[in-house]
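Add 18 to a position in the sequence shown, counting from 1, and you land on the number used in our numbering. Glycine included, every Cβ here is placed at the ideal spot set by N, Cα and C. What follows is one structure encoded as structure tokens, with my remarks underneath.
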Amino acid sequence: MNSLRKIKIKTRLWLILAATVLCILLVELQAMKHLHNSMTENRESAVRQQTDNTYSLIQHYYDLSLAGMPEAEAREAAKNAIRKLRYNKVEYFWVNDAQPVMIVHGAKPELEGKNVGNIQDPNGSYLFREIVK
Numbered sequence: 019m020n021s022l023r024k025i026k027i028k029t030r031l032w033l034i035l036a037a038t039v040l041c042i043l044l045v046e047l048q049a050m051k052h053l054h055n056s057m058t059e060n061r062e063s064a065v066r067q068q069t070d071n072t073y074s075l076i077q078h079y080y081d082l083s084l085a086g087m088p089e090a091e092a093r094e095a096a097k098n099a100i101r102k103l104r105y106n107k108v109e110y111f112w113v114n115d116a117q118p119v120m121i122v123h124g125a126k127p128e129l130e131g132k133n134v135g136n137i138q139d140p141n142g143s144y145l146f147r148e149i150v151k
């Protein structure tokens with residue numbers, strides 16, 4: 019306690035202010051981390067829901083083919099529907115098989131029917147090879 023009394027009042031006030039600012043910064047950093055995690059979870063949940071909806075759409079056309087719709091017609095109708103799907107106004111869906119050959123792509127229909135196994139991202143990773151693993 020004696021050593022605290024030797025410190026000038028002005029210095030003590032600056033120390034209190036610095037400690038207060040540090041505490042506020044720590045609380046804000048924690049709040050930002052929580053907000054980031056919450057936003058990430060919300061986005062993942064929305065994408066999962068949209069993916070489930072797309073799967074239901076594909077299932078619908080599959081069921082139609084089982085009910086008598088020609089399989090080629092059902093496939094084409096499903097592909098046309100998937101090409102038109104968007105979420106967040108700009109995001110799209112695609113479907114590829116295990117080869118990986120692109121079945122349908124909502125943004126780049128020119129990829130359809132092509133093997134996309136050699137497409138790399140800027141880091142050199144083979145995107146579609148990783149997806150089908």
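- Message: Quick check: the Cα distance between E128 and F111, rounded to an integer number of angstroms?
- Response: 14 Å
- Message: DSSP three-state label for M57, please.
- Response: helix
- Using a Cβ-Cβ cut-off of 6 Å (strictly less than) and excluding sequence neighbours within five positions of V134, which residues of its own chain qualify? P118, M120, F146
- Cβ-Cβ separation, V150 to A116 (assumed contact under 8 Å), whole Å: 5 Å
- Query: Are the beta-carbon atoms of L75 and A99 separated by less than 8 Å?
  - Reply: yes
- Task: Take the Cβ of Y79 as the centre, count every other Cβ of all protein chains shown within 10 Å, and call the residue buried at 16 or more, exposed below.
- Result: buried
- A96 versus N60, A37, H123, residue with shortest Cα-Cα distance: H123
- Message: Quick check: A92 and L82, are their CB atoms within less than 8 Å of each other?
- Response: yes
- Message: Let's see if you can read the secondary structure: which residues bound the alpha helix (DSSP H) around I121?
- Response: Segment 120-123 is the beta strand (DSSP E) holding I121; no alpha helix (DSSP H) there.
- Reduced DSSP secondary structure (H/G/I, E/B, other) of V150: helix
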